[in-house]
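Undergrad: The structure follows.
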Amino acid sequence: MRVIVVTTAALLAACQAAPTKQNPPPTAVIKVPVATYVPIDAKLRLRCKWVKEAAPSAVFEVSHGRKRCLDLYEAQFDAIDQVQGKPIPSDGG
Numbered sequence: 191m192r193v194i195v196v197t198t199a200a201l202l203a204a205c206q207a208a209p210t211k212q213n214p215p216p217t218a219v220i221k222v223p224v225a226t227y228v229p230i231d232a233k234l235r236l237r238c239k240w241v242k243e244a245a246p247s248a249v250f251e252v253s254h255g256r257k258r259c260l261d262l263y264e265a266q267f268d269a270i271d272q273v274q275g276k277p278i279p280s281d282g283g
């Protein structure tokens with residue numbers, strides 16, 4: 191009789207409900223800032239050429255060529271700044 195009671199108790203203990211699984215937390219959405227670049231026209235990215243090595247007597251021609259290229263680059267940077275503008279902070283939407 192005791193064996194039957196102990197066996198019944200063991201069987202009933204083995205038939206208890208399985209532990210419930212907790213639901214996983216909801217997926218978090220992380221907003222990542224994305225840099226947006228304005229396409230720059232190819233004519234604003236042209237390279238200027240000047241004589242880099244010449245005879246010492248051509249110092250003024252080389253200097254004028256470098257100055258001309260420097261002025262061209264400065265004008266290109268100004269034009270790029272007008273096209274590119276300032277970045278607008280996005281609110282993620």
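Heads up, the final residue of the sequence shown is numbered 283 in our numbering, and it's a clean run with no missing numbers.
The beta-carbon is built from N, C-alpha and C at its ideal position, and this holds for glycine as well.
1. Quick one: grab the DSSP three-state call for Ile194.
2. What number of angstroms, rounded off, separates the C-alpha of Glu251 from the C-alpha of Lys233?
3. In the stretch 207-269, which residue ranges form an unbroken alpha helix (DSSP H) of at least 4 residues, counting only runs that do not cross its ends?
4. Going straight from the alpha carbon of Asp261 to that of Val249, what length do you get?
5. Below 8 Å CB to CB, which residues in the same chain sit around Trp240 once its five sequence neighbours on both sides are set aside?
6. In whole angstroms, what separates the C-alpha of Gly283 from that of Val224?
TA: Quick look at the numbers:
1. Within the sequence shown, the letter at position 4 stands for residue 194. Helix at Ile194.
2. For the purposes of this step, residue 251 is identified with residue 61 of the sequence shown, where counting begins at 1. For the purposes of this step, residue 233 is identified with residue 43 of the sequence shown, where counting begins at 1. Cα to Cα, the separation comes out at about 25 Å.
3. none
4. As a first step, residue 261 is located in the sequence shown; it is residue number 71 there, counting from the start. As a first step, residue 249 is located in the sequence shown; it is residue number 59 there, counting from the start. C-alpha separation (whole angstroms): 18 Å.
5. Position 50 of the sequence shown, counted from the start, is the residue given in the question as residue 240. Result list for Trp240: Val252, Gly255, Arg256, Arg258 and Cys259, in chain order.
6. By one-based count along the sequence shown, residue 283 stands at place 93. By one-based count along the sequence shown, residue 224 stands at place 34. Unreliable placement is indicated for Gly283, whose pLDDT of 45 sits below 50; the coordinate value is still reported in the next sentence. Roughly 12 Å separates the two Cα atoms.
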